[in-house]
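To convert, note that position 4 of the sequence shown is 9 in my numbering; the numbers rise steadily by one, no gaps. The structure appears right after this line, and notes come after that.
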Amino acid sequence: AQHVGLANKMYLSTSLELADSFKEAIHREFGGQVGIVNFQGDPELAVKEINAWLHRVTGHKMGAVATVADVSLATRVLMVSTSFLRCLW
């Protein structure tokens with residue numbers, strides 16, 4: 006069986022506020038999700054959550070992609086997008 010998957014998620018810093026209408030538009034228009042993480046206070050946990058989401062949405066095929074080096078005290082938004090294909094070659 007063939008399966009093509011796409012997944013998008015916008016991770017926002019706990020220091021930002023996003024209107025519910027914007028979150029709904031992201032989901033409705035792009036099939037995306039919004040997550041809130043603490044990039045500044047606990048970057049290790051933020052990266053762990055991002056990688057866990059990637060692992061989950063790819064059917065446990067994708068391992069750790071994001072690292073603590075990918076975020077800094079200035080990080081407020083991180084967009085994560087993945088596509089994956091499951092089929093016989």
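Each residue gets a CB set at the ideal place from its N, CA and C atoms; glycine is no exception. A quick note: this is a predicted structure, and the numbers were derived from the prediction, not measured.
In terms of Cβ geometry, ILE41 and LEU17 form a close pair [threshold 9 Å].
Spatial neighbours of HIS8 in its own chain (CB-CB distance under 6 Å, excluding positions within 5 residues in sequence) are listed in chain order as ARG91. The continuous alpha helix (DSSP H) containing ASN56 extends over residues 48 to 62. At a Cβ-Cβ threshold of 9 Å, GLN38 and LEU78 do not count as neighbours. Out of ILE55, SER20, ARG81 and GLU29, the CA that lies nearest to the CA of ALA71 is found in ILE55. In this structure, the straight-line span from the alpha carbon of HIS32 to that of ALA12 is close to 11 Å. Nearest Cα to THR63 within the set THR80, THR87, ASP47 and LEU21: THR87. Of all alpha-carbon atoms in VAL73, HIS65 and ALA30, the one lying nearest the alpha-carbon of GLY10 is that of HIS65. The alpha carbon of ARG81 has as its nearest neighbour, out of LEU93, PHE27, ALA51 and GLU34, the alpha carbon of ALA51.
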